[in-house]
Structures are given as C-alpha cells and as structure tokens.
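Heads up: the structure comes next, in structure tokens.
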Amino acid sequence: MNNESAACFRAAIWLACSRRHRLSELPGQPSSLCHTGLGLSECHGCRYDSAMKYSNCFVPTLRDVPADAEVISHQLLLRAGYIRRVTSGVYDYLPLALRVLRRIEAIIREEMERAGAQELLMPMVQPTELWEKSGRLSKYGPELLRFEDRHGHQSCLGPTHEEVICDLMSRELRSYKQLPINLYQIQNKFRDEIRPRFGLMRGREFVMKDAYSFHADDESLMAEYRNMFDTYTRIFERLGLRFRPVEADTGSIGGSDSHEFHVLADSGEDLIAHCEGCDYAANVEKAVSGRDAPAGDAAPLTALATPAVTTAEDVAAFAGVDAALVIKTLVFCVSGGDADGAIVAACVRGDDQLQAVKLIHALGADALEMASDAQIEEIGGVTGFVGPLGLDAPVYMDAGLEAAVGMLAGANKRDLHLTGVDVARDLSRAQFVDLRETRAGDCCSRCGGQIALSRGIEVGQVFALGRRYTEPMEVQFQNQQGKREVATMGCYGIGVSRLMAAVVEQCHDDGGIAWPDILAPFSVILVSMGKSDEVLEASEDIYRQLQAAGVSVLWDERNERPGVKFKDAELIGIPLQVVIGDRGLKQGVAEFGRRGSERQEIALSAVVAASMAALSAGSGAAL
RNA sequence: CGGGGCGUAGCGCAGCCUGGUAGCGCAUCUGGUUUGGGACCAGAGGGUCGGGUGUUCGAAUCACCCCGCCCCGACCA
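For the first sequence, the positions run 11 to 633 when the numbering used here is used.
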C-alpha cells in the first residue's frame with residue numbers, strides 16, 4: 011500500500027467508526043459522509059448486513075424478459091430480482107429493492123430533517139367520515155378503496171393524508187406559537203388506480219413521502235413552500251437524477267400554487283413544456299404559450315356546403331384553407347362543481363388540441379365527458395357540424411381566437427359550415443380563456459423564446475393548499491390578538507417507490523441497472539473466479555477488509571461460470587467490481603473497476619482503498 | 001368503464017385454424033466432465049392447458065359465460 015492509499019484507508023476506517031457518533035451528536039444535520047454510500051444503511055438504524063455472500067442472498071434473476079413488462083425499469087427490476095408482482099399494481103419488494111428503497115428514504119429523511127420537518131407515522135386505515143368532512147369523498151371517488159369493518163364502520167385505505175393530519179392538528183393546535191410546523195411520513199399509500207401499469211411507476215400500492223405544513227398566514231406558507239421546493243431540488247440532485255421542476259396544475263388536491271418535479275425520461279407519462287430561452291417550465295396541462303397563426307381575411311358570414319366533411323382537418327382541406335383558420339368545436343358534459351350536468355362547447359383552432367384540464371378549471375368542474383349525439387342535438391348542434399354560432403350552451407373559446415376574423419366553423423346544420431366568421435362580431439357572448447395545448451415551437455409567454463416538449467416522470471409535487479382543507483376540517487388557532495383563525499396549509503409529496511423506477515429509467519444500459527453509487531444495494535461486488543482454496547481464501551480476506559472498512563459488499567462465491575457471475579453483477583447493477591482469480595493471484599493482484607468500464611489490475615492490498623476512493627469520487631462528496 | 005390483445009411447467013413460447021394419450025428452449029434436481037463473459041453429457045422432477053358450463057364417443061383445440069393479465073384513453077406520487 012502506498013502512502014496515499016494508506017492514508018485514505020485510515021481516514022476511511024476512522025469515518026466508518028465515527029459515523030454513528032457524529033450523527034447522534036448532530037441530529038438533523040445532513041452528513042456528507044452519507045453521500046459516499048458507505049454503510050449508509052447503518053446511519054439510520056437499519057440492521058442490514060453491509061456484507062453478504064451471494065449464495066445466501068435472495069436474488070432471483072431472470073434471463074428472459076417477462077412478457078407483460080413494458081417499460082425498461084419494470085423489465086429490469088423483475089429480471090434483476092428486485093420486485094415480483096403480487097396482484098395488479100401491487101408488488102413484493104425483494105431484499106435488493108428494499109435496500110435501495112431504504113437508501114432513497116435515508117436521503118429524503120436527511121434533507122427533510124435538515125429543512126426542519128419532523129417525521130411521524132399516520133395510519134393506513136382511515137375513517138370515511140374524515141373524507142366526508144373535507145368534502146373530498148365524492149371527488150376522490152373510486153380511487154379511494156373503501157371497506158366496512160365488522161361493526162359496519164366505513165373505512166378506507168389512505169391514498170393521501172390531508173384529512174388525517176388536519177384531524178390531528180384540529181385537536182392539538184391552539185396557539186399561533188405552535189406554528190409554523192411541518193410534519194412528514196414515509197408510508198405505503200393505496201390508490202385504486204383505474205389502470206395500474208409500468209410496474210413501480212404506477213402501482214396501486216406504493217411508498218410515498220408526504221409532508222404537511224401548517225401556518226398562521228400565507229406569507230409563512232409561501233416561505234415553507236420555497237423551503238420545500240429547495241429541499242426537493244437538493245434531494246433529486248443527491249439522487250443523481252436529471253430532473254426539472256415545472257409549474258403544475260393542482261389537480262384533485264386543490265390549492266393555489268403547485269410545482270411538480272419530473273425526472274426526464276422518454277417513458278414518462280407526462281408532457282412538459284419548457285422554454286429554451288428562459289427557465290419557464292410547466293406541465294402541458296397548465297403551460298401557456300403563444301403561436302403565430304395565419305390571419306384570415308375579414309368577410310361576411312357565408313354558408314359553405316360541406317357534404318359529409320366533418321373533422322377540422324378535412325374541412326380545412328375541403329375549403330382549401332389552413333387548418334388554423336378553422337374553429338374546432340367540442341361539446342362536453344360537465345360533472346362536479348357549479349356547472350354539474352351542464353352541456354358546454356369549447357373551441358380551439360383546427361390545428362390545436364384542446365387541453366381538457368384547462369377547460370375543467372375554467373368551469374370549476376371535476377371532470378368532463380364528450381357529449382353524446384343526443385346531448386349535442388339538445389343544444390341545437392349536429393354532430394360533425396357543430397359550431398359556436400347559435401349554440402344553446404355556454405361557449406368557451408381559446409383566448410387565441412379572440413380577435414380572429416375570416417374563420418371557418420360548423421353551421422350546426424347537416425353538411426354545412428360557415429365561412430367569414432368574425433369572433434369579435436359574431437361571438438361576443440363567448441368566454442375567452444386559455445384552452446389550447448402547448449406545442450413544441452410555440453413561443454414562450456414570458457420571454458418569447460421557443461418552447462420545447464419533453465417527457466417526464468412525476469416524482470414529486472409541492473402544493474400551497476391554503477385553507478382548502480383546514481377550513482372544512484376546522485384547523486384553527488388563536489392569533490396574537492386572541493382571535494380564532496383558520497390555519498393555512500401546504501403539502502409536499504415524493505413518490506419513493508416510483509423514484510426507484512425512475513432512477514432505473516435513467517440509469518441503465520444493455521447489461522442491466524447502473525445504480526448511482528449512493529443508491530446501489532451494495533457498493534462492491536466481489537467476484538471469485540474458480541474455486542481453488544487460494545482464490546476463496548484471498549476473496550474472503552478482501553471481503554472481511556471491505557466489511558471492516560464499512561464498504562457494503564456482495565461476495566459472489568457461487569460455483570458458477572464466470573459469464574454467469576458477470577452477467578448477474580451487471581444486471582443487478584453493483585457499481586464497483588473486484589475480481590479475484592487464480593491468474594492474478596499469483597502476482598498478488600486483483601482486478602478492480604467500475605461497472606461498464608474496463609477493470610484494471612491492482613495490488614490485493616490496495617482493493618479497499620481503491621474502492622473507497624472510487625466511491626467518494628463517484629458521489630462528488632468530500633472525504 | 002370503453003376499445004384492442006393474451007391466458008399452455010418458475011420464465012419465454014409452440015400446439016388451437018382442421019378435436020384423438022401436452023411439447024420445445026431456459027431454469028430446477030441427481031451424477032459426471034468443465035471453469036475469465038449466461039458450458040457440456042447422461043438422467044430426473046414439475047402442467048386442474050385461467051375457471052365453469054355446453055357440444056362430442058373423445059376438448060388445450062369448438063361454443064357460451066365468468067375470472068385474471070397486458071396495451072390504447074380519463075387519474076396521479
């Protein structure tokens with residue numbers, strides 16, 4: 011061992027030994043040591059062995075790709091023996107997966123504690139009354155898995171915990187002096203998804219970190235919102251992910267402000283619009299952007315016979331005009347909110363898509379359904395020839411149409427359209443709101459730059475809820491003037507098990523999973539080549555040294571052929587490989603290298619130091 | 001829930017159309033040979049053919065019903 015590596019080795023031993031003390035001395039302080047991935051699990055009281063022999067390890071790897079696994083993370087997590095399906099959207103987390111999950115959780119805990127939040131644990135079973143009280147029972151609907159206990163008491167499995175935490179706070183909160191407070195938990199959630207898919211990406215049961223903050227005023231709430239935003243940014247940075255925070259719709263949770271954190275991946279289910287000129291980024295459900303549309307020529311209203319020509323594209327082609335000069339009219343039946351049951355029409359340009367979430371917001375509704383032919387007739391329309399003029403229903407038009415002239419629209423008569431539609435002249439009673447879905451190439455509403463679209467996996471979301479829950483749940487406190495006041499609230503979620511899948515989506519190659527050092531279930535895989543006593547003895551020696559140094563190691567001592575061992579090592583994704591074989595042993599060397607690159611021969615005595623150096627360099631943490 | 005597809009051994013599949021004793025590869029077990037990138041030989045175990053009903057002398061195969069799974073749409077961490 012040269013001087014440098016010897017010093018490195020001593021330092022590492024010291025760190026390994028002192029780790030626990032340092033953490034207990036500084037509760038809530040993030041430990042840079044844990045960035046190294048060295049025995050991280052111990053930091054948080056997990057009792058996992060940091061060293062395991064492969065033959066004792068339950069890692070059922072598969073050579074074939076299971077036929078029903080669509081996305082790469084689902085395939086690899088199954089093949090590499092991390093997860094197994096129990097039933098639709100419900101999985102076993104096998105030992106390797108649990109180790110990874112615990113590492114993700116450890117980072118989240120550190121950053122949450124550093125941000126001043128406190129961990130608690132709420133029940134998975136919740137009384138349905140709480141959901142009646144918050145007014146969310148009907149809104150959440152069938153996602154909420156409900157059941158009855160033996161006494162006939164209505165219960166449900168918690169899909170989220172706003173109700174429970176508000177119930178708790180409403181009992182315990184008395185004074186403004188107790189505020190602000192941020193409480194979080196890491197716990198299994200259950201949402202009876204209509205369509206679970208993609209393995210861990212959209213399960214019905216999943217692990218989530220959810221945090222809830224309570225405040226005396228909105229200023230304090232927004233400060234915490236910012237704090238959580240920054241905390242999430244740090245968490246996803248530490249996890250080594252390419253991600254992007256984006257402005258988001260608040261969905262069924264409600265509230266004012268919201269950002270989602272998306273891991274960028276082609277397999278993502280969400281579309282994100284982001285500006286190439288500034289830092290504007292938003293989910294397309296919410297993104298606002300402009301476009302250059304061809305200008306129509308002002309003209310009087312004229313009927314145009316369009317026999318059996320119905321879609322906007324076909325009508326445009328038939329009339330020989332740009333699709334942007336056609337007004338596309340869609341008719342919906344509204345459910346939820348004040349307009350519940352109403353039939354409404356929504357218009358966008360023929361070459362734009364309607365973004366339904368935007369319309370839902372404009373209506374204050376819960377959901378929309380395409381109107382039936384009969385419903386269209388009820389409001390004086392004809393399916394295929396619906397237009398905004400003369401329709402007996404509220405008409406919502408995309409704001410981009412407000413000044414449009416010379417447009418082509420359905421005439422509400424069979425086989426007939428109208429040309430020369432002047433929106434300002436003919437549709438004065440329409441409501442103008444942003445309804446169109448942002449497209450790539452649009453111009454940014456902030457800086458005028460170009461908008462691009464990317465796919466993302468939503469792994470976190472922060473909400474400034476305001477009093478949406480605290481009001482109905484009666485979370486009140488006495489303010490400085492001695493008056494009762496309703497607290498204001500934020501909530502902040504991270505999909506922990508989804509994150510594991512998202513990491514795999516981003517970190518893999520043909521050989522399998524390529525975990526970032528800090529998340530790998532083991533840092534080093536020690537491969538014994540051949541079964542001579544010398545190889546096994548030398549391997550065991552290295553195994554013990556790594557163990558003593560606090561480097562988590564998986565020792566593949568199986569009597570398998572080399573190909574099998576390397577394939578498994580790459581598949582399960584252990585970042586560092588140490589190979590001990592008869593060949594090198596004669597020279598006193600082992601092979602050492604990072605998964606996916608060439609291994610180098612190094613002295614047996616240098617293996618531990620090299621491992622530790624590689625791990626600290628790989629994580630970017632100071633040692 | 002609507003539309004499409006699929007259920008045959010742990011995994012991947014063939015057989016079904018045209019009914020006649022259930023097959024292949026991988027995995028597993030035993031013995032042997034082998035050992036630097038998913039070995040070889042010999043042998044073995046393992047399947048209510050998703051379930052039910054019907055048609056038939058006879059059903060994995062044909063018909064009907066049910067269940068489950070996967071993909072496309074509305075939900076979301």
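For each residue, glycine too, the CB sits at the ideal point set by N, CA and C.
P105 versus F442, R207, I582, W141, residue with shortest Cα-Cα distance:
In the first sequence, the residue the question calls residue 105 occupies position 95. Measuring from the Cα of P105, the nearest candidate turns out to be I582.
For the structure I just gave you, are there three or more beta carbon pairs, one from the region 344-363 and one from the region 306-319, closer than 8 Å?
Not touching, per the Cβ criterion.
Cβ contact (3+ pairs, closer than 8 Å) linking the region 540-548 and the region 583-597
Contact holds: three or more Cβ-Cβ distances are below 8 Å.
Going by the CB atoms, is the gap between Q460 and G287 shorter than 8 Å?
Taking the first sequence and counting its residues from 1, one reaches residue 287 at position 277. Taking the first sequence and counting its residues from 1, one reaches residue 460 at position 450. Closer than 8 Å, so yes.
In the structure shown, what three-state DSSP assignment does T480 receive?
By 1-based counting over the first sequence, the position of residue 480 is 470. DSSP places T480 in the coil class of the three-state scheme, outside both helix and strand.
Within 10 angstroms of the Cβ of D78, are there 16 or more other Cβ atoms? Answer buried if so, exposed if not.
Here residue 78 refers to the residue found at position 68 of the first sequence. Classification of D78: exposed, given that the 10 Å Cβ count is below 16.
At the level of alpha carbons, what is the spacing between P3 and Y479?
Given a span of 11 to 633 for the chain in the structure shown, any question on residue 3 remains unanswerable.
State buried or exposed for F68, treating a residue as buried only when at least 16 other CB atoms are found within 10 Å of its CB.
In the first sequence, residue 68 corresponds to position 58, counting from 1. Answer is exposed; the Cβ neighbour count stays below 16.
Range of the contiguous beta strand (DSSP E) that encloses F246:
In the first sequence, residue 246 corresponds to position 236, counting from 1. Premise fails: F246 lies in the alpha helix (DSSP H), 228-248, not in any beta strand (DSSP E).
Closer than 6 Å by C-beta to R465: which residues in its own chain qualify, once you throw out the five before and the five after it? Chain order, please.
Taking the first sequence and counting its residues from 1, one reaches residue 465 at position 455. Its chain contains D276, G278 as the residues whose beta carbon lies nearer than 6 Å to that of R465, once the 5 sequence neighbours on both sides are disregarded; these appear in chain order.
Buried or exposed (CB count within 10 angstroms, at least 16 for buried), V75
Taking the first residue of the first sequence as position 1, residue 75 is located at position 65. V75 is exposed by the Cβ-count criterion.
State the DSSP-derived secondary structure class of W565, mapped to helix, strand or coil.
Indexing the first sequence from 1 puts residue 565 at position 555. Strand at W565.
Whole runs of the alpha helix (DSSP H) within the region 366-411, excluding any shorter than 4 residues
DSSP runs (the alpha helix (DSSP H)) wholly in the region 366-411: 366-373, 383-388.
Is the beta carbon of V563 sitting closer than 8 Å to the one on A226?
Your numbering for residue 563 matches position 553 in the first sequence. Your numbering for residue 226 matches position 216 in the first sequence. No, Cβ-Cβ distance for V563 and A226 is not below 8 Å.
Between the Cα of A413 and those of F395, V433, M380, spot the shortest distance and give me the residue it belongs to.
Along the first sequence, one-based indexing puts residue 413 at 403. Measuring from the Cα of A413, the nearest candidate turns out to be V433.
Can you check which of these residues, P70, D436, M134, is closest to G416 by C-alpha distance?
By one-based count along the first sequence, residue 416 stands at place 406. Taking only the C-alpha atoms, the option nearest G416 is D436.
Is the beta carbon of F342 closer than 8 Å to that of G380?
Position 370 of the first sequence, counting from 1, holds the residue named residue 380. Position 332 of the first sequence, counting from 1, holds the residue named residue 342. Before going further, note that residue 380 is Met rather than Gly in the sequence given. Cβ atoms of M380 and F342: closer than 8 Å.
Three or more C-beta pairs under 8 Å: does that hold for the region 190-205 against the region 152-166?
Yes, the region 190-205 is in contact with the region 152-166.
Collapsed DSSP secondary structure at T321 in the structure displayed:
As a first step, residue 321 is located in the first sequence; it is residue number 311 there, counting from the start. Reduced to three states, the DSSP call for T321 is coil.
At least three beta-carbon pairs within less than 8 Å, the region 297-306 to the region 496-506
Result no; under three Cβ-Cβ pairs closer than 8 Å.
Segment limits, beta strand (DSSP E) that includes Q363:
One-based indexing of the first sequence puts residue 363 at position 353. If you look at Q363, you'll find it isn't in any beta strand (DSSP E); DSSP assigns it neither H nor E.
Buried or exposed: where does T170 fall if 16 or more other Cβ atoms within 10 Å of its Cβ makes it buried?
The count along the first sequence starts at 1 and reaches residue 170 at position 160. Buried: at least 16 other Cβ atoms inside 10 Å.
Assumed close pair L556, V574 - CB separation to whole angstroms, cut-off 8 Å:
Here the question's residue 556 lines up with position 546 in the first sequence. Here the question's residue 574 lines up with position 564 in the first sequence. Actually they are not in contact, since the Cβ atoms of L556 and V574 sit about 22 Å apart, beyond 8 Å.
Per-residue burial, G476 [other beta carbons within 10 Å of its own, 16 or more giving buried]
Here residue 476 refers to the residue found at position 466 of the first sequence. Answer is buried; the Cβ neighbour count reaches 16.
Taking 8 Å as the cut-off, decide whether the C-beta atoms of V537 and Q610 are in contact.
Within the first sequence, numbered from 1, the residue matching residue 537 stands at position 527. Within the first sequence, numbered from 1, the residue matching residue 610 stands at position 600. Against a cut-off of 8 Å, the Cβ pair of Q610 and V537 comes out as no contact.
A474 to D228 span [Cα, whole Å]:
Counted from its first residue, the first sequence places residue 474 at position 464. Counted from its first residue, the first sequence places residue 228 at position 218. Approximately 9 Å between the Cα atoms of the pair.
Where do the ends of the beta strand (DSSP E) carrying V341 lie?
Locating residue 341 in the first sequence gives position 331, where the first residue counts as 1. 337-345 is the extent of the beta strand (DSSP E) around V341.
Does the distance from the C-beta atom of M122 to that of A221 stay below 8 Å?
Numbered from 1 along the first sequence, position 112 holds the residue referred to as residue 122. Numbered from 1 along the first sequence, position 211 holds the residue referred to as residue 221. It is a contact, given that the beta carbons lie within the stated cut-off.
Under 8 Å between C-beta atoms of T320 and G390:
Start at 1 with the first residue of the first sequence, and residue 320 comes out as number 310. Start at 1 with the first residue of the first sequence, and residue 390 comes out as number 380. Contact check for T320 against G390 fails: the beta carbons are separated by 8 Å or more.
Among V589, S165, G151, which has the Cα closest to the Cα of P133?
Numbered from its first residue, the first sequence carries residue 133 at position 123. When only C-alpha atoms are compared, the closest one is S165.
Flag this pair as yes or no: are the beta carbons of A512 and V469 separated by less than 8 Å?
For the purposes of this step, residue 512 is taken as residue 502 along the first sequence, with counting starting at 1. For the purposes of this step, residue 469 is taken as residue 459 along the first sequence, with counting starting at 1. Yes. Within cutoff.
Coil, strand or helix - S144 by DSSP
Numbered from its first residue, the first sequence carries residue 144 at position 134. S144 falls in the helix class under three-state DSSP.
Please go through the same chain and pick out, in chain order, the residues whose beta-carbon is closer than 6 Å to the beta-carbon of I337, but skip the five residues on each side of it.
One-based indexing of the first sequence puts residue 337 at position 327. Cβ neighbours of I337 within its own chain (closer than 6 Å, five residues either side excluded): C357, M417, A419.
What did DSSP end up calling S7 once you bin it into helix, strand or coil?
Absent from the structure is residue 7, since the part of the chain shown begins at 11 and ends at 633.
DSSP state of C454 mapped onto helix, strand, coil
In the first sequence, the residue the question calls residue 454 occupies position 444. Residue state, collapsed to three classes: strand.
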